[in-house]
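Worksheet for the structure shown next.
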Amino acid sequence: MINVKEFLEAVNIADVVTASGVELKHDKACCPFHSERTPSFSVSRRKNIFKCFGCGIGGDAIKYIELYFGLDFKGAVQWISDQFGLGVKIGGGTERESREKRAENGIERVLNKIYMQRFKHAEGALIARFRELHSIINEYHPPRGTDICDFPSEYVNALNEIDRIEYYCDVMATGTMEDKKDLLANEGVKSIEHRYYSAS
Ligand SMILES: [Zn+2]
């Protein structure tokens, strides 16, 4: 088996991330492991690791390739070696075992992809609702000095709702996978999604 420390020293995390197809800008990118609008994924060339401050995922180049391509440890080492011509040949494991493992990882990756799409879908509806509420608030904004009892109900309701929607948008942008899955199951979010996509 290879010396993992030496193996990792032979490659730089930034090159590995780039080779996987993720484009880095100033060593940062939108995280490939969670859905986000502003980049919280970054690499440290000096420490030779990656880290996402959005979802908390991080590690070395082997870990990155394991996660990104759904490979096991050996598979990730082999991938990096092939990519950078390091000449590592890893046998090991029966043919059937590795095929099953690959299938398992493949399923997980597909499931993750599906979730990413569902998160994007929900986020789109939430952002649209946020904008809608924002314009209701502007439209019904009572003049200065209006007694609170005389505030238009449209205005009051929109104010109440917009805080919640803003919180949901935040979760969708920066929350963990589990938080976001909870949100997909939330009745309020579901009805906003339903209303938005059946109207458009
Ligand atoms: Zn992330």
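Position one of the sequence shown corresponds to residue 1 (full-length UniProt numbering), numbered consecutively onward. Quick reminder that beta carbons are idealized off the backbone N, C-alpha and C, glycines included. The model shown is predicted, which means the values in this text are computed figures rather than measured ones.
Residues that DSSP places opposite residue i in a beta bridge
| i | result |
| --- | --- |
| G85 | G85 is not bridged to any residue. |
| C52 | F41 |
| G58 | K51 |
| K28 | K25, S42 |
For residue i, the three-state DSSP class (helix, strand or coil)
| i | result |
| --- | --- |
| C149 | helix |
| residue 214 | No answer is possible for residue 214: the residues shown for the chain start at 1 and end at 200. |
| F33 | coil |
| D15 | helix |
| N112 | helix |
| S191 | helix |
| I90 | coil |
| G75 | helix |
| G106 | helix |
| I2 | coil |
| S20 | coil |
| G124 | helix |
Nearest-angstrom Cβ-Cβ length linking residue i and residue j, presumed shorter than 8 Å
| i | j | result |
| --- | --- | --- |
| L24 | V43 | 7 Å |
| G58 | I65 | Actually they do not touch by this definition, with Cβ atoms about 14 Å apart. |
| residue 201 | Y196 | The structure shown does not extend to residue 201, since the chain spans only 1 to 200, so no value can be given for it. |
| L126 | M172 | 6 Å |
| G21 | S40 | So it is not a contact: roughly 19 Å between Cβ atoms. |
| I162 | I137 | 7 Å |
| E108 | G56 | 18 Å between Cβ atoms; not a contact. |
Cβ-based burial, residue i [other Cβ within 10 Å; buried from 16]
| i | result |
| --- | --- |
| A185 | exposed |
| G75 | buried |
| residue 254 | What the structure shows of the chain is the stretch from 1 to 200, and residue 254 is not part of that stretch, so it cannot be assessed. |
| T174 | buried |
| C149 | exposed |
| K180 | buried |
| I80 | buried |
| E36 | buried |
| D147 | exposed |
| V4 | exposed |
| D60 | buried |
| A122 | buried |
| A158 | buried |
| H194 | exposed |
| F119 | buried |
Chain B within 9 Å of residue i, Cβ atoms only
| i | result |
| --- | --- |
| E23 | Absent from the structure: chain B. Only one protein chain is present. |
Write down every uninterrupted run of the alpha helix (DSSP H) in the segment 135 to 189 whose length is 4 residues or greater and which is fully enclosed by it, in chain order.
153 to 174, 177 to 185
Under 7 Å from any heavy atom of ligand 3, by CB: list those residues in chain order, please.
Absence of ligand 3 is noted for the structure shown, with ligand 1 being the only ligands found.
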